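81 is the number of the first residue of the sequence shown in our numbering; add one for each residue after it. The structure under discussion appears below in the form of structure tokens.
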Amino acid sequence: MASTDETGHDAPQAPPFGTTPTRPPADGAASAARMPRWLPRAMVLALALVAVFQLGSWAFHQLIGLLINILIAFFLALAIEPAVSRMSAYGMRRGLATFLVFLGLLIVSAGFVTLLGSMLAGQIIKMIEDFPNYLDSVINWVNTHFQTDLKRVDIQEGLLHSDWLRKYVQNSATGVLDVSTQVLGGLFQLLTIGLFSFYFAADGPRLRRALCSVLPPARQVEVLRAWEIAVDKTGGYIYSRGLMALISGVAHYILLQALGIPYAPVLAVWVGLVSQFIPTIGTYLAGALPMLIAFTVDPWYALWVLIFVVVYQQFENYMLQPKLTAKTVDIHPAVAFGSVIAGTALLGAVGALISIPAVATLQAFLGAYVKRYAVTDDPRVHGHRTTRGAGGPGLLTRARGLWERRPGTTEHTAADSAGTADAEATDSGPTDPGPADSEPTDSGATDSGRRNSGSADSEPRDSGDGSS
């Protein structure tokens, strides 16, 4: 029967011997076992951040084409900014000045495309008309060298009834729609770039004010300075490239006109523009078309064009380009080459085109924040090695020391040392005009003469006198 206390409740029983009494859980332990209040909110916040990041990544990949077009338009606006600003300085409205600059660019581009298209169309028509003659010459060469009896009619019938030609025509018909879509897409892209660049150039001051209005005064100065540097570098890049394109076009026109190649003016303009505005490999790509047309005239003319393109490229790289771009772009050729490779890897052909002015702008902007020091006057700075390195005297010095220590040269060395001592003593005499210093100088010279020459001859003289 369980024991009870005076109140009538069961008395707590003592635990068995050797066991630990169990206690009921306290209120603090129960609250610690529950989930913290901040954990659900943290989980919701983390999920929201992940969702926002995924949405931003998706939107960026969808809008990357538009962003690239805006970047191209911005650099194009920077390139025409000097011309628009100069025209507006004479009292012309900025929108009208921008329109006139774009109209001039449009007329030049349309004329160039028209001339180039007419040249290509004429060459294609000429090649189609001369194709039977080319085919006959090839058939005659094959029949002569391989003892065959081929005829042009048989080859034409075989080509017309071949499965390869039928599949090619079907694929070409299917690809016409793709080509049309790409052409329309390219026209829309050009329209987008032109529209944004027009707004950037016409509303440049308003855009700068809107950008500076959200920045403190110190940051406003830096933004305006960066904008000015970008305008100078981009305009200088376009100016220097245009000047080099003019020189390249004139040089290639003289060559093509001397060789009698048709469409020499259009080919010269093609070589000048493509070689300058497609960095690094533009010259070789531009020279392919004149070589092809020169080959239709005479194969040797194509070789002459190739040699001239290679020689002119070296002249441009080492003589012309450093002088023209020293004051406009001011960027090292190795840095320019690396920026072109990086821009091509990031944005393709667009990156290759805008990489040089972008890097030049960044280099000029960061140059104001880099502290420079005076360079020490050390031969190693100029690329010259010191005569004495860390390993001791040079090879010539050691060889001279070994030559002077030979047994036969001991007497001459002693005589030379005596003469050197006499000369030093003689030189030291006139420099000290005081009477107190003259006597030690003479005695020093006499003593040195006696030590060096007289003492060696005293013994033979004494021996001679004693024997006599």
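Glycine included, every Cβ here is placed at the ideal spot set by N, Cα and C. Computed from a predicted model, the values in this text were never measured in an experiment.
- In this model, Ala159 and His241 are separated by some 56 Å (Cα to Cα).
- Ser242: not part of any alpha helix (DSSP H); DSSP gives it neither H nor E.
- Nearest to Trp307 by C-alpha distance, out of Leu442, Gly329, Phe375 and Ala153, is Leu442.
- Secondary structure note for Tyr364: its alpha helix (DSSP H) is the uninterrupted segment Gly362 to Val377.
- Burial is judged here by how many other beta carbons sit within 10 angstroms of a residue's own beta carbon; Arg321 has at least 16 and is buried.
- Under the 10 Å beta carbon count, Ser435 is surrounded by 16 or more other beta carbons and is classified as buried.
- For Tyr449, the secondary structure class from DSSP, reduced to helix, strand or coil, is coil.
- Pairing Ile150 with Val430 gives a Cβ-Cβ distance that is not under 9 Å.
- About 24 Å separates the beta carbon of Gly362 from that of Pro162, a gap too long to meet the 8 Å contact definition.
- Three or more Cβ pairs drawn from the segment 323-330 and the segment 347-356 lie within less than 8 Å of each other, which places the two stretches in contact.
- Straight across, the Cα-Cα distance linking Gln269 with Thr424 is about 19 Å.
- Counting other Cβ atoms within 10 Å of its Cβ, Gln356 reaches 16 or more and is therefore classed as buried.
- The segment 216-234 makes no contact with the segment 390-404, as fewer than three CB pairs between them are under 8 Å.
- The three-state secondary structure of Gln227, taken from DSSP, is coil.
- Phe211 is classed as exposed because its beta carbon has fewer than 16 other beta carbons within 10 Å across all chains shown.
- The three-state reading of DSSP puts Arg232 in helix, counting H, G and I together.
- For the pair Pro116 and Lys313, the CB atoms are not nearer than the 9 Å cut-off.
- Boundaries of the alpha helix (DSSP H) around Thr424: Pro413 to Leu427.
- Distance from the CA atom of Met123 to the CA atom of Ser137, rounded to whole angstroms, is 21 Å.
- Cβ atoms of Tyr364 and Val385 stay farther apart than 8 Å, at about 12 Å.
- Listed in chain order, the non-local C-beta contacts of Val181 below 7 Å within the same chain comprise Ile160, Ala163 and Val164, local neighbours out to five positions each way being set aside.
- As the crow flies, the alpha-carbon of Glu237 is around 35 Å from that of Ile341.
- Boundaries of the alpha helix (DSSP H) harbouring Thr178: Arg174 to Glu209, taken from the DSSP string.
- With 16 or more other Cβ atoms inside 10 Å of its own Cβ, Gly367 counts as buried.
- Counting along the chain, no alpha helix (DSSP H) covers Ile358, and no H or E run does either.
- Leu275 and Val188 have their C-alpha atoms some 18 Å from each other.
- Where Gly145 is concerned, the enclosing alpha helix (DSSP H) starts and stops at Trp118 to Ala169.
- By the Cβ criterion, the segment 277-292 is in contact with the segment 167-181, since at least three pairs of Cβ atoms, one from each stretch, lie closer than 8 Å.
- Excluding residues up to 5 positions away in sequence, Met371, Leu372, Ala374 and Phe375 lie with their Cβ nearer than 8 Å to the Cβ of Ala382 in the same chain.
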